Each structure stands twice: as structure tokens, then as C-alpha cells.
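Participant: Here the protein sequences come in this chain order: A and B.
Using this note's numbering, you'd call the opening residue of the first sequence number 7 and step up by one each time.
Using this note's numbering, you'd call the opening residue of the second sequence number 127 and step up by one each time.
My questions will all concern the structure given below.
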Amino acid sequence: MSVSKHKKPLLGLVAMAMLLVAGPALAELHFNFQEPVSPNAHEIMTLHMRIFWICVVIAIGVFSVMFYSMFKHRKSKGAVPATFHENTKVEVLWTVIPFLILIFVAVPATKALLTIENTSGSDLTVKVTGMQWKWKYEYVDNDNDPSNNVSFISSLVAADRKASESGDPAQIAKVPHYLQTVDHELVLPVGKKIRFLVTGADVIHSFYVPSFGVKKDAIPGYVNETWTEIQKPGTYRGDCAELCGQDHAFMPIVVKAVSDADFKTWLAKKKAEAEAAAAEADSNKVWTLKDLYAKGDKIFHGKGGCHGCHGENGQGNPPVFPPLKGSKIATGPVKDHIHLVLNGKPGTAMAAYRDQLNDLELAAVITYERNAWGNNTGDVVQPADIKAAR
Amino acid sequence: MSTTMTHEAAHHEEHPTGLKRWLFTTNHKDIGTLYLWFSFTMFIIGGIFALVIRAELFEPGMQIVQPNFFNMMTTLHGLVMVFGAIMPGFVGLANWQVPLMIGAPDMALPRMNNWSFWILPFAGIMLLAPMFMGGNFASGQGPNFGWTFYEPLSGQYQHLAYFVFAIHLLGFSSIMGAINIIATILNMRAPGMTLMKMPLFVWTWLITAFLLIAVMPVLAGCVTMMLTDKYFGTSFFNAAGGGDPVLFQHVFWFFGHPEVYIMILPAFGVVSQIIPTFARKKLFGYSSMVYATASIAFLSFIVWAHHMFTVGMPVAGELYFMYATVLIAVPTGVKVFNWVATMWRGSMTFETPMLWALAFVILFTIGGFSGLMLGVAPADIQYQDTYFVVAHFHYVLVTGALFGIIAAVYYWLPKWTGNMYSEKLGKWHFWLSVISVNVTFFPMHFTGLAGMPRRYADYPVMFTDFNQISSVGAFFFGFSQLLFLFLVIKTIRGGQKATAQVWEGADGLEWTIPSPAPYHSFATAPEVK
Chain A
7 MSVSKHKKPL LGLVAMAMLL VAGPALAELH FNFQEPVSPN AHEIMTLHMR IFWICVVIAI
67 GVFSVMFYSM FKHRKSKGAV PATFHENTKV EVLWTVIPFL ILIFVAVPAT KALLTIENTS
127 GSDLTVKVTG MQWKWKYEYV DNDNDPSNNV SFISSLVAAD RKASESGDPA QIAKVPHYLQ
187 TVDHELVLPV GKKIRFLVTG ADVIHSFYVP SFGVKKDAIP GYVNETWTEI QKPGTYRGDC
247 AELCGQDHAF MPIVVKAVSD ADFKTWLAKK KAEAEAAAAE ADSNKVWTLK DLYAKGDKIF
307 HGKGGCHGCH GENGQGNPPV FPPLKGSKIA TGPVKDHIHL VLNGKPGTAM AAYRDQLNDL
367 ELAAVITYER NAWGNNTGDV VQPADIKAAR
Chain B
127 MSTTMTHEAA HHEEHPTGLK RWLFTTNHKD IGTLYLWFSF TMFIIGGIFA LVIRAELFEP
187 GMQIVQPNFF NMMTTLHGLV MVFGAIMPGF VGLANWQVPL MIGAPDMALP RMNNWSFWIL
247 PFAGIMLLAP MFMGGNFASG QGPNFGWTFY EPLSGQYQHL AYFVFAIHLL GFSSIMGAIN
307 IIATILNMRA PGMTLMKMPL FVWTWLITAF LLIAVMPVLA GCVTMMLTDK YFGTSFFNAA
367 GGGDPVLFQH VFWFFGHPEV YIMILPAFGV VSQIIPTFAR KKLFGYSSMV YATASIAFLS
427 FIVWAHHMFT VGMPVAGELY FMYATVLIAV PTGVKVFNWV ATMWRGSMTF ETPMLWALAF
487 VILFTIGGFS GLMLGVAPAD IQYQDTYFVV AHFHYVLVTG ALFGIIAAVY YWLPKWTGNM
547 YSEKLGKWHF WLSVISVNVT FFPMHFTGLA GMPRRYADYP VMFTDFNQIS SVGAFFFGFS
607 QLLFLFLVIK TIRGGQKATA QVWEGADGLE WTIPSPAPYH SFATAPEVK
């Protein structure tokens with residue numbers, strides 16, 4: 007047995023250690039955390055490197071002794087076995103010294119944790135809701151009236167989904183930021199303490215943005231708190247970090263960090279858009295089948311995300327995801343159909359859409375489902391019908 | 127208290143054959159064999175699931191399976207390996223070795239022993255059968271919610287009842303097995319074998335058995351609450367009904383953390399038998415090893431929430447669990463240092479069991495380091511639910527627990543079969559496995575640090591390179607295990623005859639009886655000085 011084979015793991019370890027030394031600078035080579043852009047991410051990086059080095063030093067120490075022993079204390083080299091099998095002094099030392107090393111780790115870790123979990127004194131609050139399989143963001147302002155908060159749903163863009171399903175590396179290479187591009191980005195100001203209130207709508211998700219050092223579980227029935235302060239403008243991408251079902255890998259988080267001034271401008275624009283959309287949906291306007299069908303088609307294949315489970319052509323993926331084409335719900339009583347879409351089906355993956363789509367959007371998508379793919383019920387659902395069913 | 131036991135000679139002329147032998151056996155050696163073959167079969171099945179995962183993850187994009195099928199693969203890979211391969215593997219070793227090592231004629235409760243085993247194939251069927259239900263195999267009908275089956279996601283699963291009952295059956299098997307082990311060790315040691323003279327493998331199994339009895343009922347309670355939530359209108363884990371999804375995680379991990387120590391303590395015992403044998407030197411610090419094992423077992427009960435650092439726990443809770451968790455490094459370190467001190471100034475040879483044991487010490491220690499890092503709560507914010515965690519637990523479970531089982535098989539196979547295995551094939555198996563296991567799992571540390579979450583069917587392009595390396599390593603590792611199968615079968619069928627002693631430096635009662643061990647051994651208890 008040649009010595010070099012025994013040294014292989016040690017050399018590998020040293021190589022890895024060397025690569026990790028350059029830590030942040032090597033971020034683009036993806037050996038270490040993504041570049042930290044928040045104070046918490048910096049603290050975590052520092053702590054991580056500290057424990058990492060302690061582990062490397064101990065590993066080199068222990069493995070060197072082992073390899074030396076494997077080389078020197080072998081029968082083929084004529085070694086005669088010693089007879090000692092205890093040594094109280096040494097045993098006490100190698101119990102107490104590791105204990106002291108742990109304290110050396112625990113003290114800065116305690117300090118870091120207390121800072122990271124202190125969400126007080128924030129400048130802005132954003133409510134984050136994890137859903138199957140998208141995120142909803144809501145900017146909480148100071149007027150104690152949630153009904154006029156800017157809120158929107160952020161979903162993976164269709165191009166990424168299609169590329170994924172194709173499995174074709176060429177197609178995937180053409181998609182920018184594959185699996186990390188969304189239709190509506192979370193826009194945030196730099197230099198401000200931003201508090202996230204994180205909850206879940208159906209199952210547990212987790213709001214994870216590596217560059218911020220943020221990860222907090224989104225749990226139904228809980229409102230968790232975490233915070234960040236983004237130190238420089240840019241686009242930062244994260245992912246859902248708790249298994250949440252079929253599309254767990256397909257609900258990214260994309261944050262666009264801009265100057266505070268740009269943020270305020272953007273928020274005001276969004277507010278105006280929201281008010282206009284609400285006005286359009288809330289009016290007692292009576293819509294035609296043709297207009298609702300067109301609108302519903304876009305929602306079914308886009309914002310509503312229905313196609314994800316029920317298929318591009320309403321064919322579903324039975325038995326877990328029922329087809330809508332020719333289904334009892336889509337061709338049966340309208341009020342049952344409305345009820346199902348509004349409230350979901352507990353115990354299944356069918357979510358409640360009452361908080362995700364407004365009256366007009368719900369009316370449109372239900373009208374579409376009742377008339378597409380040969381369903382042809384001729385039914386027209388008006389926004390007023392949805393409002394009444396809430 | 128140990129009692130001297132003798133048996134009527136006539137009764138023990140029996141040596142049944144055929145199918146009835148295996149169905150009705152109450153012989154600890156036969157039952158050990160059954161467990162070990164079951165374990166190996168499940169290992170291959172769980173390994174196939176792993177290769178589906180690694181094949182799909184070779185490149186971004188869904189090439190082979192749908193996302194839900196992928197989630198089913200990760201779930202079943204975990205469940206099958208934990209409950210089908212590792213745990214039954216160690217129980218098989220316990221069945222074969224504990225009576226031999228304490229000079230007992232069999233286990234204390236031989237009929238219950240038979241039932242402990244025969245529940246397992248039914249549990250396995252119940253776990254895997256839903257895969258084939260519903261008529262749309264490719265959509266993934268089996269359990270798909272992770273081996274940790276968190277609510278509320280698991281509550282959405284259509285065939286939950288099968289899963290719950292499978293877990294119940296597995297629990298019955300483990301609890302009965304644990305009772306048997308404790309009764310055997312406490313009552314049937316040969317005269318003169320005080321507790322502090324027992325081999326370490328027996329000590330680690332005694333402690334493991336107590337852990338099993340303590341926590342398997344908790345798991346049973348957990349899955350029963352899932353069952354009633356889905357079918358009987360309770361709301362233990364359903365927030366809308368006044369319940370708490372996080373309660374699930376507390377109950378599960380109260381089982382789950384001791385569970386991982388259940389999976390590693392017997393491996394510690396195996397390594398503590400092997401290294402002294404091949405270093406020709408007594409285990410360093412025997413009493414410390416016993417106390418360290420007991421400390422690890424005790425601590426394992428009070429650290430569970432380190433699996434839950436991002437759940438929204440109060441800071442005081444996070445701080446406590448961080449301190450308690452990192453504390454486990456102390457007794458674990460003591461064990462590693464004691465193994466090294468056993469090697470030190472010994473006279474070592476490097477037969478295959480020793481190679482596996484040494485690889486265990488080095489690679490399990492690496493897994494221990496990533497575990498220490500994970501225990502640091504603020505850092506865990508970045509590591510949690512990423513491939514960093516996957517790297518950690520595969521190091522401790524594959525290069526730890528699995529290597530422990532493999533080492534034990536090489537070590538004791540000559541005793542069981544009466545034949546020496548081929549040292550050349552054994553070394554090939556070892557080197558192929560050690561290199562490929564590191565190629566598979568070491569890059570996962572990087573993938574995780576870089577931000578790739580676990581249980582992801584598809585991933586952003588930046589993670590491609592390390593995923594490809596892991597996938598190549600995984601296929602090499604998987605196919606290398608076929609060499610092990612070939613070697614074991616070859617050895618059973620014949621080979622150089624083994625002596626009773628087998629290994630020059632071996633010490634212990636099992637080496638005082640012939641190889642192969644007689645069907646009934648220690649009919650008369652030996653005297654231990």
C-alpha cells in the first residue's frame with residue numbers, strides 16, 4: 007500500500023482549503039457563499055470562515071497524526087505494539103481544549119444571532135407570502151389600511167418553464183438567469199432597514215436570498231420576521247428553501263435594489279396602477295364573453311398559473327391534477343366552480359385564489375375555463391358575481 | 127445480572143432447511159442473515175432511486191422524470207436508506223454478533239426476534255406500493271414530501287394511510303428488536319463479563335436500543351397525528367383549525383435527532399472492535415469510550431431544534447440549541463482521539479476491514495466538522511435546506527454508518543461463512559468506493575454554499591459543474607457496490623478456510639468458537655476472566 011494513496015484525501019482537503027481562502031473573491035467560481043451585500047450576510051461570512059479555519063486546523067492536526075501513525079506504526083516496518091491503553095492527563099486535555107474552542111466559536115455566534123434576529127427600527131415593511139408555487143409581496147404603508155397596499159404576485163416566467171420541460175441544454179442556455187427570472191420583481195430601496203413579514207398560504211415555503219443572508223420559513227398560521235439592509239444596488243436572486251410540492255424548484259425570488267428615490271417613484275407608480283385596476287374591476291361594468299375569454303386566457307396561462315397544474319390545454323395530469331377539459335366543475339353549476347376557485351380544496355394542492363386575483367381576474371379566468379377546449383357552456387361570469395360569492 | 131445457562135443437547139441437533147427454515151427460524155444467526163440480505167436489497171433499491179436523482183441532476187432541465195416524480199425519488203431514497211438499509215443492517219449485525227460476543231446461546235426472545243424481522247418486508251411493500259397506484263407511474267404516485275414528511279405538505283398526499291402504516295410497522299420492528307437486545311445484554315452475559323468488560327460493539331448497541339425504545343413511539347405518535355388530521359378531522363398540524371405546523375417539526379425531530387445517533391452509535395462500536403484488532407493494541411480509553419457514547423446518547427435528546435433554526439424560533443431557543451448542539455463535538459472528539467491513540471504505536475496491518483474503519487474515522491470526522499458548522503445558528507441561516515446539509519449527512523451516513531456496516535461485514539464474514547473473502551477484491555471495492563464517494567459528496571459542500579437548495583428537481587445554470595461531478599461519482603459508487611455483492615456471494619460459496627481466530631490481533635468471545643460459527647453456539651456459557 008503506497009503512502010501517496012493515504013495522502014490523497016489530505017491533499018484534496020488542502021486544495022479545497024486553499025481555494026476557500028480566497029473566499030469572497032472566488033464567489034464567481036461558486037466555492038463559497040455568494041457575494042454578501044448586507045450587514046448580516048457579511049457577519050455570517052465572517053463567522054463561517056472563522057469556524058471553517060478552526061475545522062481545517064483541527065483536521066490537519068488529527069489527520070497528520072493518523073497518517074504518520076499509519077506510515078510509522080505498521081507491522082511491515084517491524085513496529086512492535088505498545089501496551090498503553092489509557093492516560094488520564096491526555097484525555098482530560100483533549101476534552102477541555104475542544105470545549106474551550108467551542109466557547110471561542112459560540113461567543114461571536116451569539117453576538118451575530120442577536121443582531122440578525124433584531125428586526126426593530128425598520129424603515130420599510132414588506133409582507134412576503136409563500137404559495138404553491140409563487141411569491142406574493144405586499145408593501146405595508148403607514149395608513150393601517152391593507153386594502154390599498156401595493157401587492158402583486160411574482161412567478162417564474164413562462165420561457166424558463168418551457169425550457170425546463172424541454173430538457174434541452176441549448177434552449178436552456180438561451181434563457182437568461184435560467185430559473186431565476188420572474189414576471190414581477192421585488193423592488194427594494196438600498197441603504198434602508200427592510201423588515202420582512204413572512205408567512206405561508208398553504209404549505210411551508212422558505213424565503214431565501216443568499217446575498218442578503220436571509221432565510222426565513224413561510225409557515226401557514228405564522229408571521230415570521232426577518233430583516234435586511236441592502237448595501238448596493240443590483241439584482242439579487244434567491245429561491246424557495248423548503249420542499250413545498252411539485253414546483254418547489256420553480257418559484258424563485260428576484261429582488262431589484264434601487265436608490266431610495268427611484269424606489270419611491272416606482273412605489274407611487276405601482277399604487278396608481280393598483281388603484282386603476284381596482285377601479286376597473288370594481289365597477290359594475292358588464293363584460294362581454296369575448297372580452298372576458300381573452301382576459302381569462304391570459305390569466306390562465308400567466309398570472310393565475312393555472313396551466314402549471316391543469317395543463318396548457320386543460321388536460322391536467324391525472325390523478326393528482328384533474329383536467330378541466332370536460333370536467334364536472336367547469337361544465338356544471340357556475341356557483342360551485344366559483345366557490346372552488348375562490349376557496350381552493352383543502353387537503354389538496356388546489357389553492358384559494360380569493361387573495362391572489364381580483365374580481366375581474368377571477369371572473370375572466372372562470373369564464374375562460376367554462377368556454378375553452380370544447381367546454382362551450384356559453385356561461386359568462388361577471389365581476390359582480392365574484393364579489394357576491396366572496 | 128448474568129446467569130449461567132445450559133441447554134439439552136438433543137434439542138440442538140436440529141438444523142432446519144428449506145423455505146420453512148427461513149420463515150420460522152428463531153436462530154439469531156439466521157435472523158441476522160435475513161436482516162443483512164434485506165438491508166442489502168433495500169440498499170440497492172434506495173441506490174437506484176439515488177441514481178435516478180443524480181441522472182436527472184446531471185444537467186439543468188428535466189430530461190428524465192417529471193418534478194413530482196423527482197420529489198418522490200428523493201423521498202423514497204431517504205426513507206428506504208434510513209429505514210430499509212442502515213437500520214436493518216445494524217440490527218443484522220447485532221443479531222449475529224451480540225450473542226456471540228457475550229457468550230450467549232441466542233437472543234433473549236427468539237420468537238419475537240423472528241417477528242421483528244418478518245414485519246419488515248411488509249413494511250417495505252406498504253411504503254413502495256403506492257408508486258404503482260393510480261395508473262400514471264411517470265407522474266410519481268408514491269410519497270413525495272421528503273423523508274422528513276413535514277406537514278402541511280404531507281397532508282396533501284393522496285395515499286397517506288399507506289405511508290403511516292408502513293412507518294408504524296417499521297416502528298414495531300425496531301421497538302421489539304430493541305427490547306430483545308436490552309434483555310439479552312442485561313441478562314445473558316457469560317459469568318465474569320461485567321458491563322465494563324463488554325466489547326464496545328455490545329455497549330454501543332445497548333445504548334442504541336434504549337434510544338430506539340425512547341423515540342420510535344414518538345415517531346408513531348407523530349404519524350398517527352398526521353393520520354387523524356387527514357382522515358378524522360383533527361387539526362394537530364393545521365393552522366386554520368387551531369393547530370400548529372411547527373409542532374410537527376418539534377415532534378418529528380425529537381425522534382429524528384436521536385434517530386441519527388441510532389444510526390451511528392453501532393458504527394462507532396464496529397470501528398472500536400476493528401482498529402484494536404489490526405493495530406494489535408487494546409482500545410485506548412475503554413471507560414471514556416463508554417462514557418462518551420452515553421454522553422452522546424443523552425445529548426442527542428436535547429438538541430433537536432437545530433434542524434429548525436429558520437422556523438421562527440425565539441432567540442433564546444436558538445441560542446440554547448446552538449450551545450447544546452456544538453457540545454456534542456466534545457464526546458465525539460474524545461472518541462476520534464481515542465481511535466487515533468489506539469493506532470498510535472500499534473503494529474498495524476491494513477486488511478480490508480481496517481481500510482474501511484480508517485476511512486470511517488477520517489471521513490466521518492469531515493462530516494462531523496460540517497455538522498459543527500451547521501450547529502452555529504446564524505451561519506445555519508445560509509446552510510439550512512441547501513446542499514451543504516446534504517453533504518453533511520451523506521458524509522456521516524454513507525462514509526459513517528454505511529462504511530461501518532461494510533467494515534463489519536468484511537471483519538466478521540469469515541466467522542459467519544468459514545471462508546476468507548478475497549483480499550484483492552475487497553481492496554478494489556474499498557478504493558473504488560472511497561474515491562467515488564468523495565467525488566460524489568465533497569462538491570455538494572460547494573453547491574450548498576453557493577446557494578443551491580436541496581430537493582430541487584432543476585437548478586440555475588451556475589450549479590451545473592459541481593452537479594455533474596457529483597453525478598459521475600454517484601454512478602461509480604453505485605456500481606462499485608455490485609463488486610461487494612459478488613464478493614459476498616463468492617465468499618459464502620467458498621474460499622480459503624478461516625481459522626477460529628481469523629485475525630491475528632482479534633480478541634473476544636466470538637473468536638473462541640470455530641469458523642463458521644456452529645448453528646448453535648455457547649450452549650454452555652464460557653467463563654470470562
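We treat Cβ as the ideally placed atom computed from N, Cα and C, and that holds for glycine.
This one's a predicted model, so the numbers in the text were calculated from it and none came from an experiment.
With DSSP run on the structure shown, which of helix, strand or coil describes N230(A)?
Facilitator: If DSSP states are grouped into helix, strand and coil, N230(A) belongs with the strands.
Participant: Regarding W273(B) and the ligand SAH, is the C-beta to nearest heavy atom distance less than 8 Å?
Facilitator: Annotation note on the ligand SAH: not contained in the displayed structure, which lists no ligands.
Participant: Give the range of the beta strand (DSSP E) segment to which C348(B) is assigned.
Facilitator: Careful: C348(B) lies outside any beta strand (DSSP E), inside the alpha helix (DSSP H) at 326-357.
Participant: Please report the residue range of the alpha helix (DSSP H) in which M542(B) lies.
Facilitator: For the sequence presented, residue 542(B) should be read as Trp rather than Met. Note, W542(B): alpha helix (DSSP H), 529-543.
Participant: From Y547(B) to I212(B), what does the alpha carbon distance come to, in whole angstroms?
Facilitator: For Y547(B) and I212(B), the distance between alpha carbons rounds to 22 Å.
Participant: Along the chain, where does the beta strand (DSSP E) that runs through C246(A) open and close?
Facilitator: Element bounds for C246(A): 240-246.
Participant: With DSSP as the reference, please indicate the residues paired to A263(A) in a beta bridge.
Facilitator: Paired residues: L194(A), G240(A).
Participant: Please report how far the alpha carbon of E123(A) lies from the alpha carbon of K655(B), in whole angstroms.
Facilitator: Cα to Cα, the separation comes out at about 59 Å.
Participant: Nearest chain B C-beta to L346(A) closer than 9 Å, yes or no?
Facilitator: So no, L346(A) is outside the interface.
Participant: Compute the beta-carbon to beta-carbon distance between G272(B) and T330(B), rounded to the nearest angstrom, for a pair I have assumed lies under 8 Å.
Facilitator: So it is not a contact: roughly 29 Å between Cβ atoms.
Participant: Compare the C-alpha of L53(A) against each of G631(B), Y509(B), G574(B) and name the closest.
Facilitator: Comparing Cα-Cα distances from L53(A) to each of G631(B), Y509(B), G574(B), the minimum goes to Y509(B).
Participant: When Cβ atoms are compared, which residues of the region 323-337 of chain A fall closer than 7 Å to chain B?
Facilitator: Answer set for the region 323-337 of chain A: N323, P324, P325, V326.
Participant: First and last residue of the alpha helix (DSSP H) that includes L346(A)?
Facilitator: Start and end: 340-349.
Participant: Under 9 Å, Cβ to Cβ, is there at least one residue of chain B near K95(A)?
Facilitator: K95(A) does not count as touching chain B.
Participant: Give me, in chain order, the residues of the same chain whose beta-carbon lies closer than 6 Å to that of H48(A); leave out the 5 immediate sequence neighbours on both sides.
Facilitator: The answer, listed in chain order, is P42.
Participant: So, for A632(B): in the same chain, excluding its five sequence neighbours on each side, which residues have a beta-carbon less than 6 Å away from its beta-carbon?
Facilitator: Excluding sequence neighbours, A632(B) sits near T403.
Participant: Let me check one thing: in DSSP terms, what residues is K180(A) bridge-paired to?
Facilitator: According to DSSP, K180(A) bridges with nothing at all.
Participant: For M351(B), which residues from the same chain have a beta carbon less than 6 Å from its beta carbon, with the 5 sequence-adjacent residues on both sides left out?
Facilitator: These residues qualify, in order along the chain: F362.
Participant: Going by DSSP in three states, L203(A) sits in which element: helix, strand or coil?
Facilitator: Three-state DSSP puts L203(A) in a strand.
Participant: Please report the distance separating the alpha-carbon of V272(A) from that of V132(A).
Facilitator: For the record, residue 272(A) in the displayed sequence is Trp; it is not Val. Between W272(A) and V132(A), the C-alpha separation is close to 15 Å.
Participant: Of the residues G297(B), M238(B), N197(B), which one's Cα is nearest the Cα of L714(B)?
Facilitator: Because chain B is modelled from 127 through 655, residue 714(B) falls outside the range shown and cannot be assessed.
Participant: Against S170(A), what residues of chain B qualify as contacts under a CB-to-CB distance less than 7 Å, listed in chain order?
Facilitator: Near S170(A) (Cβ distances below 7 Å), the residues of chain B are G187, M188, D584.
Participant: When we look at the beta-carbon of M322(B) and count the other beta-carbons within 10 Å, is it buried (16 or more) or exposed?
Facilitator: Result: exposed.
Participant: By the criterion of Cβ-Cβ separation under 9 Å, what are the contact partners of L53(A) in chain B?
Facilitator: Here the neighbours are V502, P504, A505.
Participant: Could you name the residues of the region 60-84 of chain A whose beta carbon sits closer than 8 Å to any beta carbon of chain B, in the order they occur along the chain?
Facilitator: Residues C61, I64, A65, V68, F69, V71, M72, S75, M76, H79, R80, K81, S82.
Participant: For the region 269-316 of chain B, which segments carrying the alpha helix (DSSP H) assignment without a break, of at least 4 residues, lie completely within its bounds, in sequence order?
Facilitator: Counting only runs of 4 or more, we get 286-313.
Participant: Could you round the C-beta distance between R580(B) and T512(B) to whole angstroms and report it? I think they count as a contact, below 8 Å.
Facilitator: Contact holds; Cβ gap of about 6 Å.
Participant: Should K270(A) go down as buried or exposed, given a rule of 16 or more other Cβ atoms within 10 Å for buried?
Facilitator: When all chains shown are included, K270(A) counts as exposed.
Participant: Using the three-state DSSP reduction, which class does N323(A) fall into: helix, strand or coil?
Facilitator: In the structure shown, N323(A) sits in a strand (DSSP, three-state: E or B).
Participant: Assign A394(A) to one of three DSSP states: helix, strand, or coil.
Facilitator: If DSSP states are grouped into helix, strand and coil, A394(A) belongs with the helices.
Participant: Could you round the C-beta distance between A450(B) and R180(B) to whole angstroms and report it? I think they count as a contact, below 8 Å.
Facilitator: That pair is no contact at about 35 Å.
Participant: Counting Cβ pairs, one atom from each stretch, are 3 or more of them under 8 Å apart for the region 358-375 of chain B and the region 256-263 of chain B?
Facilitator: In short, these stretches do not touch, since the Cβ pair count stays below three.
Participant: Which of helix, strand or coil does DSSP assign to D151(A)?
Facilitator: Three-state result, D151(A): coil.
Participant: Report the rounded CA-to-CA distance for I531(B) versus F216(B), giving the unit in angstroms.
Facilitator: C-alpha separation (whole angstroms): 7 Å.
Participant: Bridge partners of D223(A), per DSSP?
Facilitator: For D223(A), which the question treats as bridged, DSSP gives the partners S212(A).
Participant: Ignore the nearest five residues each way along the sequence and tell me which others in V386(A)'s own chain have a CB closer than 8 Å to its CB.
Facilitator: The residues are W293, T294, L295, L298, T373.
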